[in-house]
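In terms of our numbering, the sequence shown opens at residue 1 and continues consecutively.
For glycine and all other residues, C-beta sits at the position ideal for the given N, C-alpha and C.
All remarks here apply to the structure that follows.
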Amino acid sequence: MSTSRLSSGHLHCHPFVVLSALVAASFAAACRSTPAPPATTVSPDTWAVVDGREITRDAVEKAYRRARNTSQTLSDEEVLMAKLSLLNDLILQDILLAKAGELKVEVPAGDLDTAYAEARKNIPDEA
């Protein structure tokens, strides 16, 4: 009889022991995991880093100067929002170009020329 009591008492304790062991194993694994590599040093001019490649304030400013409509006067907040939107576009472009390079995707020169001509036809010559 005493063995059955011992067995049933042991079964109630078993889930707690298993849970404790899992928690201890998790902590041990976390402590032994290799630390993350140190972050790369970036300049104060860096607005974003994508897979180790920097996107600088100058790149965002250049994109903003190309994209802005000089006939419109924007508030400081609107300018900042436009620049952040362009930064998002530059990040996405960087990711897509990196993936295309990884997959060895190439666009034929003829397709580029056609797309460029199509885009230029909507822009006046004096621009």
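**Asked** If you count every other CB in all the chains shown that lies within 10 Å of the CB of A119, and 16 or more means buried, which is it?
**Response** For the purposes of this step, residue 119 is taken as the residue at position 119 of the sequence shown. The residue is exposed, with fewer than 16 neighbouring Cβ atoms inside 10 Å.
**Asked** What residue range is occupied by the uninterrupted beta strand (DSSP E) comprising R68?
**Response** Your numbering for residue 68 matches position 68 in the sequence shown. Taken as a continuous stretch (DSSP letters only), R68 belongs to no beta strand (DSSP E), as it is neither H nor E.
**Request:** Ignore the nearest five residues each way along the sequence and tell me which others in I95's own chain have a CB closer than 7 Å to its CB.
**Result:** In the sequence shown, residue 95 corresponds to position 95, counting from 1. Answer for I95: V50, listed in chain order.
**Asked** Alpha carbon to alpha carbon, how far is M81 from V107?
**Response** Residue numbering aside, residue 81 sits at position 81 when the sequence shown is read from its first letter. Residue numbering aside, residue 107 sits at position 107 when the sequence shown is read from its first letter. M81 and V107: Cα-Cα distance of roughly 32 Å.
**Asked** alpha helix (DSSP H) containing T114: first to last residue?
**Response** The residue given as residue 114 occupies position 114 in the sequence shown. 109-120 is the span of the alpha helix (DSSP H), which, as asked, contains T114.
**Prompt:** Can you pull the DSSP bridge partners for E54?
**Reply:** As a position in the sequence shown, residue 54 is number 54, starting the count at 1. Note: E54 sits in a beta bridge opposite V49.
**Prompt:** Would you say L84 and A67 are within 9 Å of each other, going by their C-beta atoms?
**Reply:** Position 84 of the sequence shown, counted from the start, is the residue given in the question as residue 84. Position 67 of the sequence shown, counted from the start, is the residue given in the question as residue 67. Cβ distance not < 9 Å, so L84 and A67 don't count as in contact.
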